[in-house]
Amino acid sequence: MERFWENLYRKYRNSKWPGIVEKHPKLHRLMSLFYRYRYANVLWIGIIYPVWFASLESRVTVSTGYHIMHTYLDDRIPFCEIFIVPYFLWFIYIFAGLLYFMFVNKEDFYKVSLFLFIGMVASLIICEIYPNGTDLRPAYLSDKNIFLLMVKSLYRVDTPTNVFPSIHAYNSLCMHIALMKSKDLRRAKYGRAVRWFSGFLCIFICIATLVLKQHSVLDVGGALLLSFITYGFVYGYPSFILGEYWEEKSRNRERV
């Protein structure tokens, strides 16, 4: 991807267009910005997901049939509309995280983009092979507060199909892992606070998928398993939970 954009830019520089562009300062700045952050074009790959997902939504319906993701634990989890707040914060969380890596560290940006993309494509393949959905949503919701109105709006635009594994949970886990592994964030003045905030938000987003009845425990469990598997492809094993700890222990033993 990097080589493709460099070759394209080289062809542009050798053409007649630079002379034309440089006569227009705003256009010149735009082209310079485009090349400087050319690695962000990997995000174009993200267009594949919404198109594919929309296709799945139209093909997997009640009439076509799908496997119901439902466990005993799901019936024990209460509905709580206030969690619609962290559920919607997910969009800002993922977008802000990608922006941070895009401007701060190219290598980290590539890694988190790949981390997200592998899991999202894997989830679509799973839904193609194993059509699934939930039957957890409450039959009736009142209009007594703004949170319930937000949940009703969510239910109207998002069908209870193609839920395994939970992309909300998976992407949140990916972003938190990437932020925790970022050396730049670790050195930043407020890096520790950001990492703590990321951890809490990640947990609350995962809880939100359950208490809003958007996902089953199986969906969140599937997201955890998928994130563990894809972690190895991007960052390498051992486990992201104990990897850094054992590496530090190994270095200490070598010094002794």
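According to this note's numbering, the sequence shown is numbered sequentially starting from 1.
The beta carbon of each residue, even a glycine, is placed where N, CA and C say it ideally should be.
- When the five nearest sequence neighbours on each side are left out, the beta carbons in the same chain lying within less than 6 Å of the beta carbon of F164 are those of M69, N132, D219 and G222, in order along the chain.
- Taking a C-beta distance under 7 Å as the contact criterion, L210 and I77 qualify as a contact pair.
- Rounded to whole angstroms, F228 and F115 show a C-alpha spacing of 10 Å.
- In the same chain as E81, and ignoring 5 residues on each side of it, the C-beta atoms closer than 6 Å to its own belong to F147, L148 and V151, in chain order.
- The beta-bridge partner set that DSSP reports for I68 consists of G133.
- The beta carbons of W90 and I203 sit about 12 Å from each other, so the pair does not count as a contact at 8 Å.
- The three-state secondary structure of T61, taken from DSSP, is coil.
- In the three-state DSSP reduction, T230 falls in the helix class (H, G or I).
- The straight-line gap separating the alpha-carbon atoms of F197 and T161 is approximately 30 Å.
- Taken through DSSP and simplified to helix, strand or coil, T159 comes out as coil.
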